[in-house]
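Scroll down for the structure; my scribbles are underneath it.
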Amino acid sequence: MEMTGEYRIPASRDAVWQALNDPEVLKACIPGCEALERTADDAMSARVTAKVGPVKATFVGQVTFSNVHAPESYTITGEGKGGVAGFAKGGADVRLAEDGDATVLTYDARAQVGGKLAQLGSRLIDTTAKKLADEFFGAFATRLSGDEPTMASPTLTTPTDAEPADAAAREELTDRIEHKIDDESLDLGEVAEEIEEEVEVAAGRGFLGGPYVWGLLALIVVILFLAVVSR
Numbered sequence: 129m130e131m132t133g134e135y136r137i138p139a140s141r142d143a144v145w146q147a148l149n150d151p152e153v154l155k156a157c158i159p160g161c162e163a164l165e166r167t168a169d170d171a172m173s174a175r176v177t178a179k180v181g182p183v184k185a186t187f188v189g190q191v192t193f194s195n196v197h198a199p200e201s202y203t204i205t206g207e208g209k210g211g212v213a214g215f216a217k218g219g220a221d222v223r224l225a226e227d228g229d230a231t232v233l234t235y236d237a238r239a240q241v242g243g244k245l246a247q248l249g250s251r252l253i254d255t256t257a258k259k260l261a262d263e264f265f266g267a268f269a270t271r272l273s274g275d276e277p278t279m280a281s282p283t284l285t286t287p288t289d290a291e292p293a294d295a296a297a298r299e300e301l302t303d304r305i306e307h308k309i310d311d312e313s314l315d316l317g318e319v320a321e322e323i324e325e326e327v328e329v330a331a332g333r334g335f336l337g338g339p340y341v342w343g344l345l346a347l348i349v350v351i352l353f354l355a356v357v358s359r
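Next comes the structure, spelled out in structure tokens:
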């Protein structure tokens with residue numbers, strides 16, 4: 129899975145870089161983040177609790193940094209663990225460019241998944257990762273300046289592999305979820321409840337491996353968040 133994105137944050141590049149180095153700022157902005165700490169000069173660890181459908185699970189991720197050129201760019205690699213049910217590994221190249229009084233942040237992230245997590249539909253993972261990335265950068269920009277960031281929609285690509293036998297059912301479920309997410313006329317609280325009901329029904333009937341596998345969806349989000357923002 130690959131994910132690229134660009135955000136214009138209304139703050140100076142130095143301020144953005146410093147905030148990306150502040151574990152407390154990141155913890156406050158990452159949805160569901162319970163702990164984020166620097167374990168070495170070139171490493172961080174995080175604990176994130178996420179609820180996907182009927183499942184609320186906690187995942188742990190660790191990242192290391194390389195090619196650091198403050199305050200311009202860096203490369204990051206990470207791994208998240210969800211026990212015997214699955215794992216995710218990933219990395220990203222992140223760049224900060226000055227744009228007047230603002231900063232343009234761009235990233236190219238990559239992720240690999242294994243175990244039951246790999247059974248999830250790529251479109252559902254992509255949609256969830258994009259929405260949570262938007263949520264993070266909105267909170268991050270607001271914390272720095274009080275304004276929302278200007279963003280280009282992240283682009284996500286996933287290599288085409290053989291689809292499971294229930295591909296048609298998964299496609300239908302994903303279409304319904306994406307339609308609800310994109311409908312700006314709907315109340316966000318109601319949308320969240322409706323999506324949760326959709327997922328609970330699917331998970332309850334063993335869709336894509338049963339309820340626990342839906343919790344692993346949060347694992348890829350841990351990797352993407354750490355790969356994009358933990359520096």
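Number 196 in this note's numbering belongs to position 68 of the sequence shown; there are no gaps in the numbering.
Note that the Cβ used here is the ideal one computed from N, Cα and C, for glycine as well.
| query | result |
| --- | --- |
| Proximal residues to Thr203 (C-beta, below 6 Å), its chain only, five neighbours per side dropped | Ser194, Asn195, Asp221 |
| Candidates Glu226, Arg223, Lys259, Gly206: closest to Met172 by CA position | Gly206 |
| Endpoints, the beta strand (DSSP E) within which Glu207 is located | 201-209 |
| Residue nearest to Phe187 in terms of C-alpha spacing, selected from Leu164, Ala198, Asp170 | Leu164 |
| Limits of the unbroken alpha helix (DSSP H) element including Ala156 | 151-157 |
| Of the residues Gly208, Arg136, Glu200, the one placed nearest Val232, counting alpha carbons only | Arg136 |
| For Ala143, the first and last residue of its enclosing alpha helix (DSSP H) | 141-148 |
| Continuous beta strand (DSSP E) stretch holding Met131: start and end | 130-137 |
| Residue-level contact to chain C via CB, Ala261, 8 Å cutoff | This model lacks chain C altogether, as it is built from one protein chain only. |
| Collapsed DSSP secondary structure at Asp229 in the structure displayed | coil |
| Leu272 beta carbon near the ligand FAD (any heavy atom closer than 7 Å) | The ligand FAD is absent from the structure shown, which contains no ligand whatsoever. |
| Through-space distance from Leu260 to Pro159, alpha-carbon basis | 7 Å |
| Among Asp169, Thr132, Pro138, Glu134, nearest to Asp150 - alpha-carbon criterion | Asp169 |
| Exposed unless 16 or more other CB atoms sit within 10 angstroms - verdict on Ala156 | exposed |
| Between the CA atoms of Asp142 and Ala198 - distance to the nearest angstrom | 9 Å |
| Three-state secondary structure (DSSP) of Gly218 | strand |
| DSSP-derived helix/strand/coil call for Asp289 | Unreliable positioning characterises Asp289 in this predicted model, as indicated by a pLDDT of 46, which lies under 50. The coordinate reading is nonetheless provided below. DSSP places Asp289 in coil when its eight states are reduced to three. |
| Asp262 (DSSP reduced to helix, strand or coil) | helix |
| Beta-carbon separation (whole angstroms), Val153 vs Arg271, contact threshold 8 Å | 6 Å |
| N-terminal and C-terminal residue of the beta strand (DSSP E) that Ala168 is part of | 161-168 |
| Exposure of Gly219, with buried meaning 16 or more beta-carbon neighbours within 10 Å | buried |
| Candidates Ala216, Thr192, Gln190, Gly274, of which the one nearest Ala230 by Cα | Gly274 |
| DSSP state of Ala269 mapped onto helix, strand, coil | helix |
| Residues that DSSP places opposite Val191 in a beta bridge | Met172, Gly206 |
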